[in-house]
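Asker:
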Amino acid sequence: MQALDSRLDLDGFFRNLGHARERVLLLDYDGTLAPFHRRPEHAFPYPRVAEILKEAIAGCATRVVIVSGRRLADLRGPLARIPHDEVWASHGWERFTALGEHVAYELRGAAKRQLQLAEAPARRLAIHGARIERKVASVAVHWRGMHAPAAELVRERLAVAWQGLGNDELDLLEFDGGMELRARGRDKGHAVRDILAGCAPDAVCAYLGDDHTDEDAFAAMKGRGLSVLVRGELRRTGADLWLAPPEELIEFLERWCASGAVR
Ligand SMILES: [Mg+2]
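What follows is the structure, encoded as structure tokens:
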């Protein structure tokens with residue numbers, strides 16, 4: 087566990103948590119609560135995570151919000167295993183509220199058409215072993231877990247196929263083990279700002295994430311709560327704190343429960 091911002095007072099954060107009227111834990115899933123798996127349906131949470139989150143909700147009045155890049159439809163497995171109150175999916179383009187309401191934000195027509203154009207050449211890379219994922223507002227090509235020469239081939243062909251598609255409507259983004267062409271307009275930062283807008287100004291909040299796409303969320307947490315990079319190796323990040331999973335993740339979540347326990 088390493089503070090990345092010299093002004094971070096972690097003991098003070100947990101003291102405040104103990105006195106807070108409102109506690110909110112915002113959590114990415116893949117790579118954060120569960121080790122990355124090449125087949126997402128096999129990405130199971132680290133041991134003890136589900137148990138501790140259950141305790142966070144029931145024992146210390148925490149609102150647990152999952153903020154994932156996956157489509158809501160692809161989160162069924164994780165959501166069945168992870169106690170939670172609310173879900174934001176597809177990088178902030180879909181929301182499943184605590185009342186069971188499904189909200190989907192509408193893409194502009196031009197973005198929709200360009201994503202359709204981008205999908206066909208991406209699909210052709212599947213023969214080299216890449217995994218293609220079509221989400222509400224993006225097309226992602228995954229090569230993590232592939233042998234290096236095959237991954238490099240996919241990366242090169244994709245760069246050619248998607249040349250010029252990063253524009254006013256779409257952003258071309260690299261993430262750990264792949265590349266994504268994503269409609270502009272919403273990201274995890276928008277999801278976090280929307281969640282925080284519904285919280286009391288003095289609510290004690292933390293966001294935990296592992297990937298480059300979580301940086302938007304870290305930025306949105308500035309001045310409102312703690313941002314935590316959960317990752318085996320440290321990288322350049324805007325997060326306040328770095329945890330190496332699973333031990334330090336479990337330690338952090340246990341400390342959250344101990345500090346916020348309803349007495
Ligand atoms: Mg992740």
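Using the working numbering, you'd call the opening residue of the sequence shown number 87 and step up by one each time. Using N, Cα and C, we set each Cβ at its ideal position, and we do this for glycine too.
1. Can you grab the Cα-Cα spacing for the pair Arg241 / Gly264, in whole Å?
2. How long is the line joining the alpha carbons of Leu111 and Arg317, rounded to whole angstroms?
3. Report yes or no: do the stretch 87-99 and the stretch 274-282 share at least 3 C-beta pairs separated by less than 8 Å?
4. May I have all residues whose beta carbon comes closer than 7 Å to any heavy atom of ligand 1, sorted in chain order?
5. Using three-state DSSP, classify Gln88 as helix, strand or coil.
6. How many whole angstroms separate the CB atoms of Pro207 and Ala247, which I take to be in contact at a CB cut-off of 8 Å?
7. Hey, could you find the ends of the alpha helix (DSSP H) Leu320 is sitting in?
8. Across which residues does DSSP place Glu219 in a beta bridge pair?
9. Could you tell me the alpha carbon to alpha carbon distance between Gly104 and Leu256, rounded to whole angstroms?
10. How would you label Asp300, buried or exposed, when you count the other beta carbons within 10 angstroms and need 16 or more for buried?
11. Short check: CB of Pro131 to CB of Arg167, under 7 Å?
12. For Asp262, which residues of its own chain have a beta-carbon under 6 Å away from its beta-carbon, when the five flanking residues on both sides are left out?
13. Write down the C-beta distance between Ile152 and Val173 rounded to the nearest angstrom, noting that I regard them as a contact closer than 8 Å.
14. Excluding the 5 residues flanking Leu251 on each side, which residues of the same chain have their C-beta closer than 7 Å to its C-beta?
15. Is any heavy atom of ligand 3 found at a distance shorter than 6 Å from the C-beta of Leu161?
16. Between the alpha carbons of Thr383 and Arg210, how many angstroms are there, rounded?
17. Helix, strand or coil, according to DSSP, for Gly264 in the structure here?
18. Would DSSP call Ile168 helix, strand or coil?
19. Rounded to a whole number of angstroms, what is the C-alpha to C-alpha distance between Arg109 and Ala226?
20. Could you tell me the alpha carbon to alpha carbon distance between Thr148 and Ala234, rounded to whole angstroms?
21. Would you give the residue range spanned by the beta strand (DSSP E) that Phe122 belongs to?
Answerer: With the given structure in hand:
1. 8 Å
2. 18 Å
3. As far as the Cβ criterion goes, the stretch 87-99 does not touch the stretch 274-282, which means the pair count is below three.
4. Asp114, Tyr115, Asp116, Gly117, Thr118, Gly155, Gly295, Asp296, Asp297 and Asp300
5. strand
6. With a contact defined as Cβ atoms closer than 8 Å, Pro207 and Ala247 qualify at about 4 Å.
7. Unbroken run through Leu320: none, as it is neither H nor E.
8. Ala226
9. 43 Å
10. buried
11. yes
12. Asp297
13. 5 Å
14. Gln200, Ala204, Leu258 and Leu267
15. Only ligand 1 can be found as ligands here, which leaves ligand 3 out of the picture.
16. Residue 383 lies beyond the range of the chain shown here (87 to 349); nothing can be said about it.
17. strand
18. coil
19. 33 Å
20. 42 Å
21. Element bounds for Phe122: n/a, residue is neither H nor E.
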